[in-house]
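One structure is given here, and the rest of the page talks about it.
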Ligand code: SF4
């Protein structure tokens, strides 16, 4: 059973994860966001290849399009003999342990490992990875003089051609890797023994299920946990919740009987569940929120994408770039509901076009409702900074935004179907159970924000018919988001008999 860098780090996170990967990968729940990060990691790795100067690359593929490892090993040997200064994807294998180094850099004192990450910060899990590489290379007879992590500079702002020397930061981790390195021999032996086990091993649930990465087997491993349980308590930290589980405090009844401290929101959540309370409605509180709203009243929702490599001038790594919005609005209290929407052309920088349309569509003095307004406010501020001529109007819109989330976060409405969450995807079905008009599952192609981003980014190069269909799906999805806000607002009014 061969180990690789990724298998080794999976083992370090949780041995059972590696075992399930090997014997029951079908139990993993696919995570499109993780798959996107993986693709992005590969793209960033390709970009960084020239970071240390001229380089050769070992990568080879089989006729089926899979990595051709034997050819990569052969190419690596050849380049080592030739004394190449930078070998990208330098491949090594020893005693069933394989790795490919992003950049293997030759120096007078030996070779240096450069591991490229698409993250903007350093994490311990990267040190596991580099330590494993160092160990495999040393076992293969190489003298390793140092190790470096290459990661993304979040302060880089693109102007013109991409400058990879500014986009990437390099950090010498030679010393930091040391303690992790000393564990590799033992860990690889233990991982191989673990994998040789045919029977499913026990694996205790713990913080490792979400740290450093969300485990795709969570659903499978947690299948016997009752619902709700202490992990569902509002904003409870994983450390606390898993600590309770280990003490045998699992259900809300256990939580109450054991007297664990609960904050006000968690107490409301537990009471609602234990006593099967009907929807909690604080009319005075709701009224105090509704009375701050004025007409014309707008309901705004953005969709955005973020890329590791800034795509346009003036953008930075992982900047949220808005490409679409939906806007429902009422001009007067007795006026009918109207709708406007914007979806940018996928072939160019959407920011100027979206900023202009916002200024056209939303009066500077209009009252605007958003759900979790931090996101909309930050996008408006960024657009204002990017386009000074529109800045005044955009900042007025931002300053006039009220947050519909406040009603739920402040505890004016609570239903146990919200399960301790105030996200609109939980609040909606709680207040409109089984309403087919609010069923995101019945939409075509786009059912959530991640799919909206992926769909928009996939539009380029699509055939016209498919492109139009997908654009229509994007409009329907975003439109449903603001319609949902309108219906929530109406329901709040009904609660107050307005
Ligand atoms: S869910 Fe937790 S216990 Fe199960 S494999 Fe993943 S990390 Fe391990």
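Residue numbers (my numbering): 18 to 515.
Don't be surprised by glycine CBs; every beta carbon is placed ideally from N, CA and C.
Keep in mind that this is a model prediction, so the values were computed, not measured.
If you check the C-beta of residue 34 against the ligand SF4, you find a heavy atom less than 7 Å away. Comparing alpha carbon positions, the residue from 382, 367, 373 closest to residue 313 is 382. Around the Cβ of residue 84, a 10 Å sphere holds fewer than 16 other Cβ atoms; the residue is exposed. Per DSSP, the continuous alpha helix (DSSP H) segment holding residue 196 begins and ends at 191-198. Proximity of the region 356-366 to the region 192-202 falls short of the contact definition, fewer than three beta-carbon pairs being nearer than 8 Å.
Rounded to the nearest angstrom, the gap between the Cα atoms of residue 27 and residue 33 is 9 Å. As the crow flies, the alpha-carbon of residue 114 is around 32 Å from that of residue 170. When C-beta atoms of the region 259-271 are compared with those of the region 50-69, fewer than three pairs fall below 8 Å, so the two segments do not count as touching. Between residue 488 and residue 174, the alpha-carbon positions lie close to 30 Å from each other. The alpha-carbon of residue 222 is positioned some 11 Å away from that of residue 240. Spanning the alpha carbons of residue 308 and residue 300 requires a straight line of approximately 12 Å.
In this structure, residue 499 lies near residue 317, with their beta-carbon atoms less than 8 Å apart. When secondary structure is reduced to three states using DSSP, residue 30 falls in the helix class.
Taking C-alpha positions only, residue 506 is separated from residue 472 by approximately 29 Å.
With fewer than 16 other beta carbons inside 10 angstroms of its own, residue 210 counts as exposed. Between residue 144 and residue 193 a beta carbon distance of about 6 Å is seen, short of the 8 Å cut, so the two are scored as contacting. Close CB contacts of residue 395 within its chain, under the 8 Å cut and outside five residues either way in sequence, are with 337 (chain order).
Burial state of residue 451 is exposed, judged by a 10 Å Cβ sphere holding fewer than 16 other Cβ atoms. For residue 132, no alpha helix (DSSP H) run applies; the uninterrupted beta strand (DSSP E) run containing it begins and ends at 127-133, by DSSP. Annotated three-state conformation of residue 231 is coil, per DSSP. Around the C-beta of residue 151, 16 or more other C-beta atoms lie within 10 Å, and the residue is accordingly described as buried. Taking C-beta atoms under 8 Å as the contact rule, residue 422 and residue 389 qualify, at a distance of about 5 Å.
Distance from the C-beta of residue 336 to the nearest heavy atom of the ligand SF4 is not below 7 Å. Taking 7 Å as the cut-off, one finds at least one heavy atom of the ligand SF4 near enough to the beta carbon of residue 37. Look at the beta carbons and you see the region 436-450 not touching the region 401-416: under three pairs across the two are nearer than 8 Å.
Going by beta carbons, residue 19 and residue 69 fall outside the 8 Å limit.
Taken in chain order, the whole alpha helix (DSSP H) runs of length 4 or more contained in the region 47-76 are 49-65. In the DSSP assignment, residue 323 falls outside any alpha helix (DSSP H), carrying neither H nor E.
Ranked by how close their Cα comes to the Cα of residue 39, the residues 180, 25, 243, 433 have 25 in first place.
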